[in-house]
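2 protein chains.
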Amino acid sequence: MSNQELSDGGACCSPLAREPLTEDWAGDLARMFKALGDPVRLRLLSLIASHAGGEACVCDISESFDLSQPTISHHLKVLRAAGLLDCERRGTWVYYWVIPSALQQLSAVLLTESGPVVPSETCTSTEVPA
Amino acid sequence: MSNQELSDGGACCSPLAREPLTEDWAGDLARMFKALGDPVRLRLLSLIASHAGGEACVCDISESFDLSQPTISHHLKVLRAAGLLDCERRGTWVYYWVIPSALQQLSAVLLTESGPVVPSETCTSTEVPA
DNA sequence: GCCCTGATTCGACATCTGTCAATATCGACG
DNA sequence: CGTCGATATTGACAGATGTCGAATCAGGGC
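Going line by line, the protein sequences match chains A and B. Each residue of the first sequence is one higher than the one before, starting from 601 at the first, in our numbering. Each residue of the second sequence is one higher than the one before, starting from 601 at the first, in our numbering.
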């Protein structure tokens with residue numbers, strides 16, 4: 601995977617709204633978004649991100665779900681394959697943590713002309729320059 | 601399944617990293633992320649967002665894909681059901697446009713402690729799993 | 001060495017998803 | 001009114017996905 605598109609040369613807006621995504625990049629982003637497209641995985645990510653120290657072991661977070669441990673492990677694997685998590689074994693336990701740059705990249709892609717704030721509620725006007 | 605309850609109301613950071621997502625919210629967000637978890641839909645969204653005027657008719661964007669017209673229509677329906685797009689019929693054509701607040705919400709959720717701030721605890725390695 | 005605990009992998013299953021061809025709907029134009 | 005072009009809906013189908021139980025792997029303690 602190539603996550604180098606973060607620093608787009610001279611791009612003032614999000615690439616999503618600036619120009620059509622290339623197929624390659626769309627596929628790359630879609631894999632990450634698809635990993636987030638499951639409530640269990642979203643909660644897993646949130647649990648890990650909000651855990652003390654920014655990391656958590658499986659035994660700790662699996663208690664928050666009604667799912668079997670293999671299922672939790674499967675979801676963690678999906679998140680890791682998508683590049684959103686990383687993990688490390690320490691003795692008996694395996695600790696997971698979030699990869700901040702991955703989330704940041706996704707967040708940046710979604711930042712369109714709307715920007716971080718929406719001052720005007722009447723969005724009917726199309727203010728996008730041609 | 602007793603998660604730690606809300607600490608306090610004033611959320612200064614992203615809720616994803618502040619505290620575990622509630623099941624309701626995770627389900628809501630997951631529906632939107634799942635809609636983005638397909639390269640075709642991502643490109644559709646990008647094509648519409650980057651189109652002149654911020655909106656595009658189906659006949660225009662469908663040319664960029666090798667997919668059948670019903671498939672394009674299906675993906676547009678998914679994006680609309682997720683609250684990411686809205687559409688309007690004008691004569692023969694149907695125009696679609698992006699709902700900025702939806703993308704903004706998703707972008708905000710992903711803005712964790714990473715953001716503009718450089719994390720100091722887990723900066724030992726930035727390599728992603730292969 | 002042997003077992004015990006934590007975590008992953010495997011195999012199987014039902015369900016969901018993406019795709020197409022065929023058909024239907026909706027509006028414009030003779 | 002009939003037809004035509006643009007979208008949407010339906011039905012069907014292969015492939016992906018989420019889930020579990022069982023088996024397996026990895027360390028620690030006896």
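Heads up, the beta-carbon is just placed ideally off N, CA and C, and yes, glycines get one too.
is_contact[residue i, chain A] using C-beta, thresh 9 Å
{"i": "D638 (chain B)", "result": "yes"}
{"i": "E623 (chain B)", "result": "yes"}
{"i": "G683 (chain B)", "result": "no"}
{"i": "L676 (chain B)", "result": "no"}
{"i": "L679 (chain B)", "result": "no"}
{"i": "S664 (chain B)", "result": "yes"}
Sub-9 Å separation of residue i and residue j beta-carbons
{"i": "L642 (chain B)", "j": "I661 (chain B)", "result": "no"}
{"i": "L636 (chain A)", "j": "F633 (chain B)", "result": "yes"}
{"i": "A708 (chain A)", "j": "S707 (chain B)", "result": "yes"}
Alpha helix (DSSP H) segment containing residue i, residue limits
{"i": "L647 (chain B)", "result": "P639 to S650"}
{"i": "A702 (chain B)", "result": "P700 to L710"}
Exposure label - residue i; buried when at least 16 CB within 10 Å
{"i": "L620 (chain B)", "result": "The question names Leu, but residue 620 (chain B) is Pro in the sequence shown. Buried: at least 16 other Cβ atoms inside 10 Å."}
{"i": "D666 (chain A)", "result": "exposed"}
{"i": "S650 (chain B)", "result": "buried"}
{"i": "C657 (chain A)", "result": "buried"}
{"i": "L606 (chain B)", "result": "Because the pLDDT of L606 (chain B) is 34, which lies under 50, any placement of that residue in the model is unreliable, and the question is left without a value."}
{"i": "P670 (chain B)", "result": "exposed"}
{"i": "G654 (chain A)", "result": "buried"}
{"i": "A682 (chain B)", "result": "buried"}
Minimum Cβ-Cβ distance from residue i to chain B less than 9 Å
{"i": "R618 (chain A)", "result": "yes"}
{"i": "R732 (chain A)", "result": "This structure gives no information on residue 732 (chain A), because the portion of chain A shown stretches from 601 to 730."}
{"i": "Q704 (chain A)", "result": "yes"}
{"i": "R631 (chain A)", "result": "yes"}
{"i": "S646 (chain A)", "result": "yes"}
{"i": "S668 (chain A)", "result": "no"}
Distance cut-off 8 Å: residue i Cβ against heavy atoms of the ligand FAD
{"i": "F633 (chain B)", "result": "The model on display carries no ligand, and the ligand FAD is accordingly not part of it."}
Nearest-angstrom Cβ-Cβ length linking residue i and residue j, presumed shorter than 8 Å
{"i": "L731 (chain B)", "j": "L685 (chain B)", "result": "Residue 731 (chain B) lies beyond the stretch modelled for chain B, which goes from 601 to 730, so this question has no answer here."}
Segment limits, beta strand (DSSP E) that includes residue i
{"i": "D686 (chain A)", "result": "L685 to R690"}
{"i": "A630 (chain A)", "result": "Here A630 (chain A) belongs to no beta strand (DSSP E); instead the alpha helix (DSSP H) covers E623 to L636."}
{"i": "A681 (chain B)", "result": "A681 (chain B) -> not in any beta strand (DSSP E); alpha helix (DSSP H) instead, spanning Q669 to A681."}
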